[in-house]
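In the working numbering, the protein residues as written are 28 to 280.
C-beta: ideal position from N, C-alpha, C; glycine also.
Small disclaimer: the values here were computed from a predicted structure and weren't measured.
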Amino acid sequence: MSAGLILSQLEALISRMQSMERKISERNIRPKRGQLEQFDVLRTELQAVSTRIDAAIIELSQPTDEGIEFVSKIRSAKAILSLSSPMLTTLSKNLYLIFNCPKESNLDSAQVRMRKRHTQTRCEKLRHQHPHVIAMWSMELLPSTWKTSRGMADKVFDFLISTLKADRFSKLPSSLCHALQSLSEEEPLNNCTSFQGFASHFMPQLHLDEVEEDNCMTKGRSRDLSPEGEAASNKRSCTVERKQLLKGPFTGL
């Protein structure tokens with residue numbers, strides 16, 4: 028049973044109970060002794076059921092073990108320095124799906140159409156997240172894991188969106204930035220405005236890495252030092268150069 032149907036039933040139940048409250052409060056009701064006993068029995072049952080429903084609703088808002096595991100897995104992307112080949116494949120598949128939602132066909136059955144619409148809704152929610160969250164999600168979860176409720180319940184999906192919305196990379200992997208640059212130049216994402224906007228958030232870091240690398244190589248060639256001194260000097264100059272660059276216009280990423 029869907030959450031929407033349960034909400035509708037709860038709303039109808041509350042409306043009927045409010046109506047019943049007004050009727051019971053009328054002064055012209057005169058129950059007999061046997062009816063009073065029935066009222067007492069029903070009141071006890073009503074209190075018990077209300078308590079159980081209240082507990083069940085509270086439970087709905089609590090994270091599941093599965094949700095906590097997914098959060099941990101997605102956040103592990105922050106520690107990755109270089110994306111492996113399988114991870115790059117997962118990244119590209121997810122981004123194709125998120126920014127090119129499955130299209131409906133006249134040949135689709137009602138069940139297939141419903142499943143595609145469900146995936147479209149989830150993709151839209153993901154597109155509204157911060158680019159770092161989209162990237163971490165796309166690096167760590169296979170599309171089959173999250174695109175429908177078969178792989179991930181709505182409760183878990185919504186919990187992940189809510190929990191991860193403020194997460195950010197402390198240092199973007201260069202391989203991630205290069206991958207996004209490549210995807211932005213290839214079909215079908217090269218013509219996708221929303222993807223181009225997403226990828227643009229990572230280009231300043233890519234530019235920063237390229238400038239840093241060029242400057243370090245230039246300084247290394249220009250110094251006539253012993254091998255040990257040259258290595259130490261290059262390391263120091265790279266560090267200084269990076270600090271200077273980070274003070275530039277690209278720190279808003």
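Asked: Cβ of MET179 within 7 Å of Cβ of ALA104?; Found: no
Asked: Just verifying my parser: in three-state terms, what is the DSSP assignment at CYS14?; Found: With the chain represented from 28 up to 280, any question about residue 14 goes unanswered, as that position is not in the structure.
Asked: Give me the Cβ distance between PRO200 and SER109, rounded to the nearest whole Å; I'm assuming they're in contact under 8 Å.; Found: 6 Å
Asked: I need the straight-line Cα distance from HIS234 to ILE85, nearest angstrom please.; Found: 48 Å
Asked: Can you give me the C-alpha to C-alpha distance between VAL183 and PRO90, rounded to a whole angstrom?; Found: 7 Å
Asked: At 4 residues or longer, and completely inside the region 131-158: list those alpha helix (DSSP H) runs for me, N to C.; Found: 137-154
Asked: What residue does the alpha helix (DSSP H) around LEU169 start on, and which one ends it?; Found: Per DSSP, LEU169 belongs to no alpha helix (DSSP H) and is neither H nor E.
Asked: I need the straight-line Cα distance from ILE41 to GLU53, nearest angstrom please.; Found: 19 Å
Asked: Please confirm whether PHE126 and HIS159 have their CB atoms less than 7 Å apart.; Found: no
Asked: Can you find a C-beta in chain D that's less than 7 Å from the C-beta of LYS182?; Found: No chain D is part of this structure, which consists of one protein chain only.
Asked: Compute the Euclidean distance between the alpha carbons of GLN271 and LYS198, then round it to the nearest angstrom.; Found: Annotation note: pLDDT 44 at GLN271 (below 50); position unreliable, coordinate value reported separately. Cα-Cα distance, rounded: 16 Å.
Asked: Looking only at its chain, what residues have a beta carbon closer than 6 Å to the beta carbon of CYS204, apart from the 5 residues adjacent to it on each side?; Found: PHE229, GLN232 and LEU233
Asked: Do TRP173 and ILE101 come within 7 Å of each other at the CB atom, strictly closer than that value?; Found: no
Asked: Are the CB atoms of ALA226 and SER211 nearer to each other than 7 Å?; Found: yes
Asked: Please state whether the Cβ-Cβ distance between LEU169 and ILE161 is less than 7 Å.; Found: no
Asked: Tell me whether MET47 sits in a helix, a strand or coil according to DSSP, three-state version.; Found: helix
Asked: If I measure Cβ to Cβ from ASP181 and keep anything under 8 Å in the same chain, skipping five residues before and after, which residues do I get?; Found: ALA30
Asked: What are the boundary residues of the alpha helix (DSSP H) that includes ARG102?; Found: 92-102
Asked: Output yes or no for whether 7 Å exceeds the beta carbon distance between ARG142 and GLU131.; Found: no
Asked: Terminal residues of the continuous alpha helix (DSSP H) containing GLU64?; Found: 60-87
Asked: Helix or strand or just coil, what does DSSP make of PHE225?; Found: helix
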